[in-house]
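Throughout, our numbering is defined as the position within the sequence shown, counted from one, plus 44.
Only one structure is covered here, and it is reproduced in the block below.
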Amino acid sequence: MNNLSAKIKEDLKEAMRSGKTTHISTIKMLLAAVHNKEIELGKKDKGLSDDETMDIIKSEAKKRKDAIAVFARANRSELAEQEKKELNILESYLPAEISDEELSSEVKKAITESQAQSPADFGKAMKILAPLLKGKASGNRIADAVKNALSC
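Next comes the structure, spelled out in structure tokens:
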């Protein structure tokens, strides 16, 4: 079992002791998603790596963000609020994203390194940045920064 999975299971025990129902249901949902992925990948005995677990958390967080937007458009504020609570719990397991200044600096370095000069060279810069910033910034955020830098 990896450190992240162990932390999640420990947090579930703590939430059960303190009676935090939102935490309990969210963490149980997350553990179910992890369990399903273990079965899908045939790693039931070994468990998932921290990176694989982190990908599941990101996926679940994205689902919550999408649901918040849908509920907000449908004027279902109580459901949107519940999803926000779940999102906050999930985000507590994710590393903090890099600042806009750091992102801009990395984009400039990648553009220089890849010799990208126009929006047509977008892929060259992304090829360098995507693995470098994995887990530190969302793909959409990186792509927007590259597009802005190349369009100037």
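Even glycine gets a Cβ: it sits at the ideal position worked out from N, Cα and C.
**Report entry** Pairwise C-alpha distance: lysine 180 and arginine 61
**Finding:** 33 Å
Query raised in the report: What residues in its chain sit with their C-beta under 6 Å from that of alanine 169, if we drop five residues either side in the sequence?
Result: Excluding residues within five positions, the ones whose Cβ falls inside 6 Å are Ala154, Ile155, Ser158, Ala160 and Val190.
Query raised in the report: How about serine 136 and proline 163: do their beta carbons lie closer than 8 Å?
Result: No, these two residues do not count as a Cβ contact at 8 Å.
Query raised in the report: Relative to the C-alpha of arginine 108, which residue among Ile83, Lys88, Leu74 and Lys90 is closest?
Result: The candidate whose alpha carbon is nearest that of arginine 108 is Leu74.
Report task. For valine 78, I'd like the list of residues in its chain whose CB is within less than 8 Å of its CB, leaving aside the five on either flank, ordered along the chain. Result -> Ser49, Ile52, Leu92, Thr97 and Ile100
**Report entry** Own chain, CB closer than 8 Å to isoleucine 172, minus 5 neighbours either side, in chain order
**Finding:** Ala154, Glu157 and Ser158
Query raised in the report: Under the three-state reduction of DSSP, which class applies to aspartate 89: helix, strand or coil?
Result: coil
Report task. Assign aspartate 110 to buried or exposed, taking buried as 16 or more other Cβ atoms, counted over all protein chains shown, within 10 Å of its Cβ. Result -> exposed
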